[in-house]
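S.K.: Numbering-wise, the numbering used here comes out as the position in the sequence shown, counting from 1, plus 692.
By construction, the Cβ of each residue, glycine as well, lies at the ideal position given by its N, Cα and C atoms.
Encoded as structure tokens, here's the structure I'll be asking about.
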Amino acid sequence: MNRLWKWTRSFFLREWSFADYPVRVLKVEHPARPGLSPTPPWTAQMEGWWQMAGFGHSREQALDDLAAKFDEHVYHGHPQPRPGADV
């Protein structure tokens with residue numbers, strides 16, 4: 693429902709910011725793998741734009757990482773998909 697709302701709302705905005713995108717945050721405990729560094733348990737993803745994801749050892753770290761990656765994407769002039777749309 694949040695995704696549909698953000699998509700509909702995007703038609704009334706001239707520019708989109710991080711807050712305009714629907715975000716999903718998950719905690720997944722990964723099994724330890726010998727020889728590899730542990731994967732952070734928290735993942736934040738933009739719904740519909742699954743390639744845009746952040747990771748961290750807390751919910752806040754994952755959201756901060758996602759926001760930083762989004763800001764970098766925008767800073768480099770890459771096109772922004774419409775919030776809530778499938779990419």
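Using C-beta distances below 7 angstroms, list every residue in its chain close to residue 698, excluding the 5 sequence neighbours before and after it, in chain order.
M.R.: If we look at residue 698 and ignore the five residues flanking it on each side, its Cβ neighbours are 712, 713, 714, 775 and 776.
S.K.: So is residue 737 buried or exposed if we call it buried at 16+ other beta carbons inside 10 Å?
M.R.: Looking at its Cβ environment, which holds 16 or more other Cβ atoms inside 10 Å, residue 737 is buried.
S.K.: Exposed or buried, residue 693, counting other C-beta atoms within 10 Å across all chains shown (16 or more means buried)?
M.R.: Counting Cβ neighbours within 10 Å, residue 693 comes out exposed, since fewer than 16 surround it.
S.K.: Can you tell me which of 701, 700, 739 and 721 puts its alpha carbon nearest to the alpha carbon of residue 748?
M.R.: Nearest of 701, 700, 739 and 721 to residue 748, Cα basis: 721.
S.K.: How many angstroms separate the CA atom of residue 708 from the CA atom of residue 744?
M.R.: Roughly 15 angstroms between the two C-alpha positions.
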